[in-house]
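Shown next, in structure tokens, is the structure this report addresses.
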Amino acid sequence: TACGGSGRGAITCPAGVAKGSPVTTVDTAKSGNLVNWKAGALYHLTENGNVYINYAVSQQPPGGNNFALAQSGSGNSANRTDFKPQKANTSEIGTKWQVLDKRLLLTAALFRTDIENEVEQNDDGTYSQYGKKRVEGYEISVAGNITPAWQVIGGYTQQKATIKNGKDVAQDGSSSLPYTPEHAFTLWSQYQATDDISVGAGARYIGSMHKGSDGAVGTPAFTEGYWVADAKLGYRVNRNLDFQLNVYNLFDTDYVASINKSGYRYHPG
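Per UniProt numbering, the sequence shown runs over residues 1 to 269.
Written out as structure tokens, the structure is:
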């Protein structure tokens, strides 16, 4: 293989070797150890309720995003092997309660994830590890039976995802992380009308999302939030045969389920 080429997989010429010279061996090995861990504790306040706390640390080696490492191990590259591992610290505190004779479970939690040692490109084209991101918020949920025949499951999450240190990457110039909705809600309810017939209905909501900044012209800075309703009808013929009719997007709502980085390609719902 000749050294001094360009593109993915190109091999850098060793010192004193002319461009285009054949290179027979290239040592791209890099080894090391990373420790990921988590710990938690739970305390029962009553027979039906508890509080808990969790903490976890996870690490990703240099080049882990692209599964590639700089061949020289250093130099001007985002995949330098001498960079520190990217680290994510996640903490959560919450509570869970069983109500209605333990038929229904209610939960609530606060959470935060801090990511540090993100690789950022400087104005002069070099790379440094000063990027920090944070996602924090709360969530509440319900799951179980209100009555023996009435089942419900649902949840709501509000989160704020921001860049604490590093370049803003949202189209509108804010510090928000793109493609991360601040609000998300879902609720589904099912009722067993008779021994053979069941009906169900539910709603989903996803809040607006910021688009990434990549220099695209004429594309929107965000996607709008949307509500979608679904329904179902079930019929049991016998213990071995059930029929179920599912209707998604019951009111034929037009919405954007996702958007690519440049904003030119939408994925309709």
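C-beta: ideal position from N, C-alpha, C; glycine also.
Suppose you measure from the CA of I153 to the CA of S6; what does that come to, to the nearest Å? The count along the sequence shown starts at 1 and reaches residue 153 at position 153. The count along the sequence shown starts at 1 and reaches residue 6 at position 6. When rounded, the distance between both Cα atoms is 54 Å.
Reduced DSSP category for P62 - H, G, I as helix; E, B as strand; rest coil: The residue you call residue 62 lines up with position 62 of the sequence shown. Coil at P62, not helix or strand.
Can you tell me whether L106 is helix, strand or coil according to DSSP? Here residue 106 is taken as the residue at index 106 of the sequence shown, counted from 1. Of the three classes helix, strand and coil, the one that applies to L106 here is strand, per DSSP.
What residue ranges within the region 93 to 161 form continuous beta strand (DSSP E) runs of no fewer than 3 residues, ordered along the chain? 104 to 121 and 127 to 147
Buried or exposed for K211, going by 16 or more other Cβ atoms inside 10 Å? Residue mapping note: residue 211 aligns to position 211 of the sequence shown, counting from 1. With 16 or more other Cβ atoms within 10 Å, it is buried.
Examine the Cβ distances between the region 75 to 94 and the region 117 to 131 and report whether three or more of them are shorter than 8 Å. yes
Compare the Cα-Cα distances from T46 to each of I140, F185, S21 and K102 and report the closest residue. Locating residue 46 in the sequence shown gives position 46, where the first residue counts as 1. Closest by alpha carbon: K102.
Which residue wins for smallest C-alpha separation from residue 333, given the options A161, A203 and Q159? The structure shown does not extend to residue 333, since the chain spans only 1 to 269, so no value can be given for it.
Should F243 be labelled buried (16 or more other beta-carbon atoms within 10 Å of its own) or exposed? Residue mapping note: residue 243 aligns to position 243 of the sequence shown, counting from 1. By the neighbour-count rule (16 or more Cβ atoms within 10 Å), F243 is not buried but exposed.
Span of the beta strand (DSSP E), counted from its first residue to its last, around G40: Along the sequence shown, one-based indexing puts residue 40 at 40. That run of the beta strand (DSSP E) goes W37 to H44.
List the DSSP bridge partners of P22. Counted from its first residue, the sequence shown places residue 22 at position 22. Its beta-bridge partners are A2.
Who are the near neighbours of K160 in its chain, counting only those whose CB is closer than 7 Å to its CB and skipping five residues on each side? Looking up residue 160 in the sequence shown gives position 160. Around K160: E136, G137 and E182.
Could you tell me which of T180, I197 and T186 sits nearest to Y156, measuring between CA atoms? Numbered from its first residue, the sequence shown carries residue 156 at position 156. Closest option to Y156, Cα to Cα, is T186.
Neighbour-count burial assignment, I206, 16 or more Cβ in a 10 Å radius: On the sequence shown, position 206 is the one that residue 206 refers to. Flag for I206 reads buried.
May I ask you to report which of helix, strand or coil DSSP gives L245? In the sequence shown, counting from the first residue as 1, residue 245 sits at position 245. Here L245 sits in strand by DSSP.
Identify whether R80 lies in helix, strand or coil by the three-state DSSP scheme. By one-based count along the sequence shown, residue 80 stands at place 80. If DSSP states are grouped into helix, strand and coil, R80 belongs with coil.
I need the straight-line Cα distance from F83 to T126, nearest angstrom please. Taking the sequence shown and counting its residues from 1, the one referred to as residue 83 is at position 83. Taking the sequence shown and counting its residues from 1, the one referred to as residue 126 is at position 126. The straight-line gap from Cα to Cα measures roughly 13 Å.
Since I believe I163 is in contact with residue 280 (beta carbons under 8 Å), could you give me their beta-carbon distance rounded to a whole number of angstroms? In the structure as shown, the chain begins at 1 and stops at 269. Residue 280 is therefore absent and cannot be evaluated.
Sheet register partners of V51 (DSSP bridge): In the sequence shown, residue 51 corresponds to position 51, counting from 1. Beta-bridge pairing links V51 to Y43 and T95.
Residues bridged to Y226 (per DSSP): The residue given as residue 226 occupies position 226 in the sequence shown. Paired residue(s): I206.
State the CB to CB distance for the pair residue 300 and G131, rounded to an integer number of angstroms; the pair is presumed to be in contact (CB under 8 Å). Summary: the structure shown does not reach residue 300, with the chain confined to residues 1 through 269, and so no result is reported for it.
In three-state terms, what does DSSP make of T253? In the sequence shown, residue 253 corresponds to position 253, counting from 1. For T253, the three-state secondary structure derived from DSSP is coil.
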